[in-house]
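Heads up, the sequence shown is in the numbering used here, so the first residue is 30 and it goes up one at a time.
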Amino acid sequence: MCNPQHYGIFYEINPWMHVDIPVVQTRAKTQWQALYETLLKLNVNVKLIEPINGLPDMVFTANAGFIYRNQVWVSAFKSHERQPESEHFKDWFSQEGFEIVNIEYDLSQPPAFEGAGDTLVFNNCLAAGYGFRSDISVYEHPFFKQLNLVFCELINPYFYHLDTCFCPLNSSLALWYPDAFSQQSQRAMRKIGQLIDVLKMKLGDLLVMRSSLASTLSYLLTAQLLIAY
């Protein structure tokens, strides 16, 4: 996790971001602290990375890289605003003892890849998102082929990362928003487990749906944690 000390909307790289709608810093910090303390109470081993001034989106630490066993593929961010994050995340992974698979890569150059924002392990498969933030070519590397790859093409700019529209709840059950994906990807994804559709709405209602989905996910994931611990 990364403290939201420097979090804010200073640029626009997805349809949800608007520089004229600022972050309420006190609320962000309160919400982050509440989540952090809840995880600690549940005996979750939480690792922190130091926030960096000028890199507000470091708070989205799922985007830092994809970890499999003790190896990590560090992210190479699509947008130039986030590209400086890569070196900080690479240093953190190295200090934590992870083997960095793409250590020789120039992380400011393609192929773009945005970590666990676009890669999720589900039912012994790797759901591999691409289309907006990650390039499909990155998955040609043998590191990603340790799991059965299921390609998930994202086609709706409001769902630019895989984790905004696909959420595994356990090893074989997941929530998803099917219209975020191409028809071919929908067919492939339906074969790997039980998928629960979220309500389909008009594009103008997506903000409401996204808020409701976030609340639902929060409830379900909290319930999972309480059951697990």
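Where is the CB? At the ideal position from N, CA and C, for every residue including glycine.
F188 and C194 have their C-alpha atoms roughly 6 Å apart.
For A63, the number of other beta carbons within 10 angstroms of its own is below 16, and it is reported as exposed.
In this structure, Y134 lies near A105, with their beta-carbon atoms less than 9 Å apart. Fully contained in the region 53-88 is no beta strand (DSSP E) run of length 3 or more.
Put simply, of E41, Q223, L68 and N72 the residue whose alpha carbon is nearest the alpha carbon of N152 is Q223. In the DSSP assignment, F210 falls outside any beta strand (DSSP E), carrying neither H nor E. Here the region 50-69 makes no contact with the region 108-124; the two share fewer than three CB pairs at distances below 8 Å.
Counting the other Cβ atoms within 10 Å of the Cβ of Y40 gives fewer than 16, which makes it exposed. In this chain, the beta strand (DSSP E) harbouring E182 covers N177 to E182. DSSP places I165 within a helical segment (H, G or I) once states are collapsed to three.
The three-state secondary structure of A203, taken from DSSP, is strand. Straight through space, the alpha carbons of T67 and P85 are spaced by roughly 23 Å. Excluding residues up to 5 positions away in sequence, V52, A57, P85 and V88 lie with their Cβ nearer than 7 Å to the Cβ of Y36 in the same chain. Contact between N99 and E128 holds: CB atoms are separated by about 6 Å, below the 8 Å threshold.
Of the other Cβ atoms in all chains shown, fewer than 16 fall within 10 Å of the Cβ of G126; this residue is therefore exposed.
Per DSSP, the continuous alpha helix (DSSP H) segment holding F122 begins and ends at E114 to Q124.
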